[in-house]
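Here's the structure, in structure tokens; my notes come after.
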Amino acid sequence: MSNPTNSKIWGALWVVYIVWGSTYLAIEYSIRSMPPLLAMGFRFLAASSLLGIVLVIKFGPKFFQVSPRQILALALLGALLLGLGLGMVTLAQFNDVPSGMVALLISALPFWIAIFKAIEGAKTSIWSWVGIGIGFIGVGILLQPELSKPNNSSHLFWMFMVILGNLGWAFGTYIAPRLGLPKQTLVVTFYQMLLGGVGITLAGLLARESLKDFFDATFASWMWWIFLVLIGSIATYTAYLWLVANAPVGLIATYAYVNPIIAVLLGVLFLDEKLSITLLIGAVVVIFGVFLVVKTESKLTEIVSPIVGEK
Numbered sequence: 001m002s003n004p005t006n007s008k009i010w011g012a013l014w015v016v017y018i019v020w021g022s023t024y025l026a027i028e029y030s031i032r033s034m035p036p037l038l039a040m041g042f043r044f045l046a047a048s049s050l051l052g053i054v055l056v057i058k059f060g061p062k063f064f065q066v067s068p069r070q071i072l073a074l075a076l077l078g079a080l081l082l083g084l085g086l087g088m089v090t091l092a093q094f095n096d097v098p099s100g101m102v103a104l105l106i107s108a109l110p111f112w113i114a115i116f117k118a119i120e121g122a123k124t125s126i127w128s129w130v131g132i133g134i135g136f137i138g139v140g141i142l143l144q145p146e147l148s149k150p151n152n153s154s155h156l157f158w159m160f161m162v163i164l165g166n167l168g169w170a171f172g173t174y175i176a177p178r179l180g181l182p183k184q185t186l187v188v189t190f191y192q193m194l195l196g197g198v199g200i201t202l203a204g205l206l207a208r209e210s211l212k213d214f215f216d217a218t219f220a221s222w223m224w225w226i227f228l229v230l231i232g233s234i235a236t237y238t239a240y241l242w243l244v245a246n247a248p249v250g251l252i253a254t255y256a257y258v259n260p261i262i263a264v265l266l267g268v269l270f271l272d273e274k275l276s277i278t279l280l281i282g283a284v285v286v287i288f289g290v291f292l293v294v295k296t297e298s299k300l301t302e303i304v305s306p307i308v309g310e311k
């Protein structure tokens, strides 16, 4: 079997860059007429169902056999990564936090994972700590305008909820290797999306979101929702898995600081989000911090590879 060409690797990488960077825009458009939690819950139920059908046809039903303990572990990951992580992203955007701002706050993921590793006792490079420090300074710069605004508690609350969700996503990514998950990555993906989708949907129903509102959404919202299901959740993750098997870890990890740049640009171009000096400075500082951490840590191990990479 021949090695993949650079053009194939970069083609797959740009799919990950652009599509995962554009999911914030897609979420924004889909929840303009869809209830936010039901939209994301049904998104992952639909994506897992389609993935499951393909896997059954290709490998048969036995491919999905897992132990009760593994089901509990996968449910925990679904709750942390999709329920808490993506749920907070969606609710923040629903409550008017700009998509670019959300993406930049989410880009702090490698900082949290590196901190969890350090708490466990793993050797952490001085450059990782420098990157973490720089990154959190950047996050502080991003939050500063909101902290200085009077009567802006709701906006600021949802920005902190994004950080909390990101912390949940990072913790789930950190503990995943310790949970004895199934060896087949596609099985992990299937169950995580299925169980996470169930959890988010139940949360939406408990929050009294309306099924009628979901099914009565506008045509535009439906098109963006379908994009999230087919392209954001299935096609791009397939490209990501191919990269994991065929490309260097350090190269794959670059999506961690390219995605937020794309998200910010798309927010400015299509959502009329303001590109202020403070946002630009905060973005540069955060992304530089992410670059240092990813560059340093990827020489040791892959710390930024999520179980389900898309947002």
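Heads up: the sequence shown begins at 1 in our numbering, then just goes up one per residue.
The beta-carbon is built from N, C-alpha and C at its ideal position, and this holds for glycine as well.
In this text the structure is predicted, and so the values were computed from the model without any measurement.
Asked	Found
Residue 124 - DSSP class collapsed to helix/strand/coil	coil
Integer-rounded CB distance, given that residue 177 should sit under 8 Å from residue 70	Between residue 177 and residue 70 the Cβ distance is about 13 Å, and since that is not below 8 Å, they are no contact.
Residue 253 versus 6, 294, 42, 31, residue with shortest Cα-Cα distance	294
Where residue 142 falls: helix, strand or coil (DSSP)	helix
Own chain, CB closer than 6 Å to residue 145, minus 5 neighbours either side, in chain order	278
Nearest-angstrom beta carbon gap, residue 103 and residue 264 [assumed within contact, 8 Å]	6 Å
Option in 184, 195, 201, 143 with minimal Cα separation from residue 98	143
Sufficient close CB pairs (3 or more, under 8 Å) joining the segment 83-97 to the segment 165-175	yes
Simplified DSSP assignment, three categories, for residue 6	helix
Every unbroken alpha helix (DSSP H) inside the segment 166-249 [4 residues or more]	185-206, 211-215, 219-227, 236-246
Short Cβ contact (8 Å threshold) for residue 179 with residue 73	yes
Within-8 Å CB hit, residue 205 to chain B	Looking at the structure shown, chain B is missing, and only one protein chain is on hand.
Assigned secondary structure, residue 281 (DSSP; H/G/I helix, E/B strand, else coil)	helix
Whether residue 255 touches residue 20 by CB criterion (8 Å)	yes
Contained alpha helix (DSSP H) runs [length at least 4] in the segment 43-126, N- to C-terminal order	68-77, 87-94, 99-106, 109-120
Cut-off 6 Å between Cβ atoms - residues of its own chain near residue 227, not counting five sequence neighbours on either side	26
Inter-residue CB distance, residue 362 and residue 37 (contact presumed, cutoff 8 Å)	Given a span of 1 to 311 for the chain in the structure shown, any question on residue 362 remains unanswerable.
Local conformation of residue 259 per DSSP, three classes	helix
Whole-angstrom distance between residue 197 and residue 310, CA atom to CA atom	Note that residue 310 scores a pLDDT of 45, beneath 50, so its modelled location is shaky and nothing firm can be said.
Neighbour-count burial assignment, residue 218, 16 or more Cβ in a 10 Å radius	exposed
Environment of residue 51 [buried if 16+ CB atoms lie within 10 Å]	buried
Minimum C-alpha distance to residue 158 - residue among 90, 225, 122	90
Inter-residue CB distance, residue 134 and residue 288 (contact presumed, cutoff 8 Å)	6 Å
8 Å contact criterion, which residue 239 and residue 92 should meet: CB distance rounded	Contact doesn't hold; Cβ gap of about 27 Å is too wide.
Contact check, residue 193 vs residue 44, beta carbons under 8 Å	yes
Anticipated Cβ contact below 8 Å, residue 214 with residue 94, distance rounded	Not confirmed; about 13 Å, so no contact.
Cβ shell of residue 130 (< 7 Å), same chain only, five flanking positions each side left out	292
For residue 254, three-class secondary structure by DSSP	coil
Residue 17 to residue 251 span [Cα, whole Å]	12 Å
Closest residue to residue 140 among 174, 105, 171, 125 (Cα-Cα distance)	105
Simplified DSSP state of residue 295, which is helix, strand or coil	helix
Coarse secondary structure for residue 275, derived from DSSP in three states	coil
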